[in-house]
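Down below is the structure, laid out as structure tokens.
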Amino acid sequence: MSVKNFSRRGFLKKASAATAVAAAGAASGYGVVGSTAEKLAALGGTPVRSKPFTPWPPADAEIERSLVATFRSRRWGRMLRGPMEGQGRVVEFERRFAELIGAKYCLATGSCTQALHTALHAVGVSAGDEVLVAPCTFIASVQAILMCGALPVFVDVDLDTFQMDPQKIEPLVNENTRAVEPVHIAGLPCDMKRIMAVADRKGLKVVEDAAQAPLAEVDGQRCGTFGALGCFSFQTSKVIACGEGGAVVSDDLDLLQKCYTFHNMGLAAVPGGGGIGTKYRMNELEAAVLLPQLSTAPGQIETRNRNARHLARRLAEIPGIVPQKLYPGVTRGAYYLYGFRYLKEHFNDAPRDLFLRALRAEGVRFTTMYFDQLNEQPFLENALNSPTFRKIFSRKRLQDYRERNHCPVNDRLSAQGVWLPQYVFLGDRRDMDDIAEAIAKIQRNCDQLAKL
Ligand SMILES: Cc1ncc(COP(=O)(O)O)c(C=O)c1O
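When the letters of the sequence shown are read in order and numbered with numbering that gives the first Met the number 0, they come out as residues 0 to 451.
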């Protein structure tokens with residue numbers, strides 16, 4: 000059966016359902032499907048979705064009150080007594096965030112990039128080391144490793160879950176490997192049980208990049224609390240946001256004191272401490288924006304999980320759309336992103352870019368960031384050729400590194416992946432139905448993609 004025939008048959012089967020959605024949705028901006036409905040919006044048809052999704056970041060009265068009160072207090076810098084010590088908004092945030100995540104201690108930072116650099120430094124990653132990381136992530140996960148003078152060794156991903164494949168860790172471990180940095184991509188948990196088992200067996204430190212994963216959990220345990228240290232981001236697009244912000248959590252106070260010293264220009268909060276450091280502190284205004292969100296985040300996560308489950312059921316009906324899978328035991332995802340693979344063979348062989356153009360025109364928001372094949376990017380080669388790296392590593396070691404640095408599964412994923420952003424999951428089922436309908440419409444009419 001050809002792809003074209005397949006899609007036409009699909010159209011006949013689903014057209015009546017689409018018309019029913021039209022009647023209900025046309026007046027509201029939800030699910031607008033009319034006589035031009037089956038013409039792709041990118042070709043002049045009526046978009047499935049005209050209503051905007053839930054706006055993000057949140058800018059509500061509660062956050063405004065909190066920010067203005069801190070602004071007027073004229074106390075804009077954090078108290079410098081140590082993590083969670085003393086008073087002020089940052090310290091209050093550290094206490095409440097630690098409690099929310101289920102960690103004993105928290106240190107707030109100016110970003111997750113800073114948190115990761117701080118955490119890797121605290122576990123002892125230094126010049127000449129290697130750190131294992133997934134290639135399906137944001138550049139910051141990798142830069143934090145480079146900033147320590149260490150090599151990011153890429154562990155290929157699992158095609159179903161999009162996460163670091165635990166089976167591929169052990170063969171990459173050598174005498175230089177110091178740590179593993181699992182990234183909970185999309186805010187969905189990595190297979191932490193298996194990653195921790197390998198790390199324990201091999202004596203590796205684990206620093207979790209939980210930038211996208213506040214409140215995600217496996218068997219009730221929250222991401223960020225499996226490894227020695229867990230790092231979070233509060234950058235504008237994240238599920239708890241203040242423009243730029245981050246945090247490190249841990250149950251190990253000594254480690255967190257090391258983080259504190261490093262993030263406070265090498266000035267320790269405890270006698271006899273002190274050492275190398277930079278300035279990575281969160282300020283009181285950022286904490287003031289974050290604090291009210293610690294009350295709203297748990298409800299929002301539930302909404303996102305409910306909507307993600309509904310969308311998964313709807314997408315399962317569409318040929319060629321394969322959602323990112325959860326590992327067994329995942330009790331909650333943060334759903335910073337909702338990922339799926341686009342299989343062009345079910346879309347008349349149209350390349351992903353054409354599908355995305357059609358999807359945008361139907362009114363659905365998406366991104367392909369994080370599918371960037373970081374192991375292949377020019378920044379990495381430029382870093383290897385920098386004076387610092389050439390002083391640390393022999394020519395032979397860098398050449399061996401380049402030869403090992405391939406991730407064929409991630410290459411495949413990078414060409415197929417699509418993410419939907421978290422804020423579209425803060426609405427209701429009709430928002431999910433619109434997304435599913437927009438994708439289904441494109442699939443039914445995939446022969447039109449060739450005209451884009
Ligand atoms: C997986 C991941 N790691 C690290 C970061 C860096 O966070 P920040 O922007 O707060 O420095 C991000 C931010 O997008 C991220 O998505």
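Think of the CB as a built atom: it goes at the ideal place given N, C-alpha and C, for glycine as much as any other residue.
Query                                                                                                                : Result
Cα-Cα separation between N374 and S232, rounded to whole angstroms                                                   : 22 Å
Neighbourhood of F52 by C-beta distance below 7 Å, restricted to the same chain and skipping five residues each side : R364, Y422, V423, G426, D430
Residues near K3 by beta carbon distance below 7 Å, same chain, minus five either side                               : Because K3 sits at a pLDDT of 37, beneath the cut-off of 50, its placement in the model cannot be relied upon, and the following sentence gives the value as read from the coordinates. Only N347, D446 meet the Cβ criterion.
Through-space distance from L42 to D218, alpha-carbon basis                                                          : 47 Å
Closest residue to T117 among A139, D410, C135 (Cα-Cα distance)                                                      : A139
Beta-carbon gap between Y369 and I184 smaller than 8 Å                                                               : yes
CB contact below 8 Å: G223 versus chain C                                                                            : Protein chain content of the structure displayed is limited to a single chain, and chain C is not contained in it.
Residue nearest to I168 in terms of C-alpha spacing, selected from Q256, D199, G328                                  : D199
Bounding residues of the alpha helix (DSSP H) (the contiguous stretch that carries V408)                             : 407 to 415
Selected residue, minimal CA-CA separation from T387, among G123, L99, G81, M146                                     : M146
Reduced DSSP category for D190 - H, G, I as helix; E, B as strand; rest coil                                         : coil
Exposure of G416, with buried meaning 16 or more beta-carbon neighbours within 10 Å                                  : buried
beta-carbon V89 near ligand 1 non-hydrogen atom, thresh 7 Å                                                          : no
Where M83 falls, given that 16 or more other Cβ within 10 Å makes a residue buried                                   : buried
Residue from F137, M191, G109 with nearest C-alpha to M281                                                           : G109
Inter-residue spacing [alpha-carbon to alpha-carbon] between L158 and L412                                           : 7 Å
Y341 - DSSP class collapsed to helix/strand/coil                                                                     : strand
For V141 and C230, the rounded distance between their alpha carbons                                                  : 14 Å
Cβ-heavy atom distance, D371 to ligand 1, below 7 Å                                                                  : no
Exposure label - T224; buried when at least 16 CB within 10 Å                                                        : buried
Reference L290, options C111, L228, D59, S49, closest by Cα                                                          : D59
Where A22 falls: helix, strand or coil (DSSP)                                                                        : Here the model assigns A22 a pLDDT of 40, short of 50, so the residue's position is not dependable, and the following value carries that caveat. Helix, per DSSP.
Per-residue DSSP class, three states only, for N384                                                                  : coil
Y104 - containing alpha helix (DSSP H), residue span                                                                 : First-last for Y104: 104 to 108, but that is the beta strand (DSSP E), not the alpha helix (DSSP H).
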